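Novice:
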Amino acid sequence: MAGQRIRFNGIDAPESRQHCDDAKGFDYPCGRRAAQALDKFLAASRPLHCSFVDRDRYGRLVGNCDRADGRSVQRWLVEQGLALDWPLYSHGAYAGQQAKAEAAKLGLWAGTFQAPWVWRLAHADNRPLSNQPLGFNRHQVAQSGYSCEPRRTCSQISSCDEASWYPANCSWGRKLDRDKDGIACESQC
Numbered sequence: 003m004a005g006q007r008i009r010f011n012g013i014d015a016p017e018s019r020q021h022c023d024d025a026k027g028f029d030y031p032c033g034r035r036a037a038q039a040l041d042k043f044l045a046a047s048r049p050l051h052c053s054f055v056d057r058d059r060y061g062r063l064v065g066n067c068d069r070a071d072g073r074s075v076q077r078w079l080v081e082q083g084l085a086l087d088w089p090l091y092s093h094g095a096y097a098g099q100q101a102k103a104e105a106a107k108l109g110l111w112a113g114t115f116q117a118p119w120v121w122r123l124a125h126a127d128n129r130p131l132s133n134q135p136l137g138f139n140r141h142q143v144a145q146s147g148y149s150c151e152p153r154r155t156c157s158q159i160s161s162c163d164e165a166s167w168y169p170a171n172c173s174w175g176r177k178l179d180r181d182k183d184g185i186a187c188e189s190q191c
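Counting with the working numbering, you get residues 3 to 191 for the letters of the sequence shown.
1. Using the C-alpha atoms, what's the distance from Q76 back to K102?
2. Figure out for me which residue from G72, L44 and E17 has the closest Cα to the Cα of F115.
3. Please confirm whether P118 and A39 have their CB atoms less than 8 Å apart.
4. I'd like to confirm the pairing. Which residues does DSSP put opposite S53 in its beta bridges?
5. Can you round the beta-carbon distance between Q100 and V80 to whole angstroms, since I take them to be within the 8 Å contact cut?
6. Taking 7 Å as the limit between beta carbons, can you name the residues of its chain near R57, skipping five residues before and five after?
7. Assign Y30 to one of three DSSP states: helix, strand, or coil.
8. So what's F43 in DSSP terms, helix, strand or just coil?
9. Output needed for L108: all residues of its chain with C-beta closer than 7 Å, excluding positions within five of it in sequence on either side, in chain order.
10. Using a threshold of 8 Å, state whether the C-beta atoms of R48 and A25 are closer than that.
11. So, with DSSP's three-state summary, where would you put D163?
12. Sorted by chain position, which residues of the same chain lie with C-beta nearer than 8 Å to C156's C-beta, five sequence neighbours on each side aside?
13. Which word fits G61, buried or exposed, when buried means at least 16 other C-beta atoms lie within 10 angstroms of its C-beta?
14. With G1 and S92 assumed to form a contact (beta carbons below 8 Å), what rounded beta-carbon distance in angstroms separates them?
15. Taking DSSP as the reference, what is the three-state secondary structure of C156?
16. Does any residue of chain D have a CB that is nearer than 8 Å to the CB of V120?
17. I'd like the list of long-range same chain contacts for D29, defined as Cβ closer than 7 Å, with 5 residues on each side in sequence excluded.
18. Just curious, the alpha helix (DSSP H) that R122 is in, first and last residue?
19. Assuming C32 and L86 form a contact by the criterion Cβ under 8 Å, report the distance between their Cβ atoms to the nearest whole angstrom.
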């Protein structure tokens with residue numbers, strides 16, 4: 003599949019235009035740095051082997067990929083703090099690696115950043131959302147098409163993904179997490 007764009011299954015990395023803050027609070031191009039590190043990792047053991055599971059809405063193949071030496075690309079990116087476990091798609095498959103990277107303050111975890119899915123939503127029309135959080139909240143799931151209006155109750159929400167989006171993105175969204183455990187509308191999840 004030479005020349006084919008592939009989306010790695012279950013993870014999300016910063017966008018090429020995305021900037022983050024390092025441990026000292028200085029802005030740096032975290033998306034470009036993650037891409038450069040990935041290029042070096044892939045060059046060390048070619049060819050890349052992928053098993054495809056789907057196509058995304060942009061027509062890219064979605065796959066689980068390993069280098070020729072058997073190392074998982076997704077696992078490595080999350081271990082290095084260069085990508086996040088994306089629970090919406092991974093169902094927590096890389097949560098352990100992410101917790102270790104976060105504890106060791108590797109990559110993105112050395113400073114502050116927006117989850118890539120949140121950053122994309124905020125920059126979809128090149129203007130930040132006024133109520134967009136700046137940091138990463140492990141329960142944020144951003145899906146285009148959700149809106150902070152009208153206000154909703156759990157009985158009006160149709161999925162766990164939607165329930166997770168509101169607390170992270172709407173001023174009133176935390177009311178959906180009545181037991182304050184970080185998971186809104188548990189009946190949907």
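The C-beta atom is built at its ideal place from N, Cα and C for all residues, glycine as well. Everything numeric in this text was worked out from a predicted model, so none of it was measured.
Specialist: Reading off the structure:
1. If you take the alpha carbons of K102 and Q76, they lie about 15 Å apart.
2. Among G72, L44 and E17, the Cα nearest to that of F115 is on E17.
3. Pairing P118 with A39 gives a Cβ-Cβ distance that is not under 8 Å.
4. Note: S53 is bridge-paired with N66 in the DSSP secondary-structure output.
5. For Q100 against V80, the beta-carbon gap comes to about 5 Å, under 8 Å, which counts as contact.
6. Same-chain partners within the cutoff: L63 and V64.
7. In the structure shown, Y30 sits in a strand (DSSP, three-state: E or B).
8. Assigned with DSSP and collapsed to three states, F43 falls in helix.
9. Excluding residues within five positions, the ones whose Cβ falls inside 7 Å are Q82 and G83.
10. Contact: no.
11. Helix.
12. The answer, listed in chain order, is A165, L178, A186, C187, S189 and Q190.
13. Using a 10 angstroms sphere on the CB of G61, the tally of other CB atoms stays under 16, which defines it as exposed.
14. Look at the range of the chain in this structure, 3 to 191, and you will see that residue 1 is not part of it.
15. In this structure, C156 counts as helix in the three-state DSSP scheme.
16. In the displayed structure, chain D is absent; only one protein chain is listed.
17. Around D29: H21 and D23.
18. R122 -> alpha helix (DSSP H) spans P118 to A124.
19. About 12 Å separates the beta carbons of C32 and L86, which is beyond the 8 Å limit, so they are not a contact pair.
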